[in-house]
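To keep things clear, I will list the structure first and then write my remarks on it.
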Amino acid sequence: MDPRQMQMLRDIMALEFVAVDLTLYLDTHPTEQEPLNDYNMVTERLNQLKAQYERMYGPLMAYGFTPLEYPWRWVESPWPWEMQF
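So for the sequence shown, full-length UniProt numbering puts the first residue at 1; every next one is plus one.
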């Protein structure tokens, strides 16, 4: 995996962590506007980054953000246990 692809994947994982953390916070503080704004900003950026990653490197999931093309490339990507972080 090239370094740019690995960095993009790390950025996606970091944003996913922040999104989950904000979700948990909002579960216990549903009336706070600022964390909700942060959540919306993070998830928008996350969706953009995932779509960009898939356009450049192929699907992150078998049911990803971009239509799959011929040939089926899902099985060509390294599996999580094959990557070194």
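Ideal placement from N, C-alpha and C gives every residue a C-beta, glycine not left out.
Small disclaimer: the values here were computed from a predicted structure and weren't measured.
Check, Outcome
"Residues near residue 95 by beta carbon distance below 8 Å, same chain, minus five either side", "Here the chain has residues from 1 to 85 only, and residue 95 is not among them."
"Runs of alpha helix (DSSP H) lying entirely within the UniProt domain \"Protein CotJB\" (7-82), each at least 4 residues, in chain order", "33-57"
"DSSP three-state assignment for Gln-5, whether helix, strand or coil", "helix"
"Assigned exposure category for Tyr-53 - 16 Cβ within 10 Å defines buried", "buried"
"Rounded straight-line distance, which links the Cα of Arg-10 to that of Val-75", "20 Å"
"Environment of Pro-59 [buried if 16+ CB atoms lie within 10 Å]", "buried"
"Other residues of its chain near Asp-38: CB distance less than 7 Å, five sequence neighbours each side excluded", "Leu-22"
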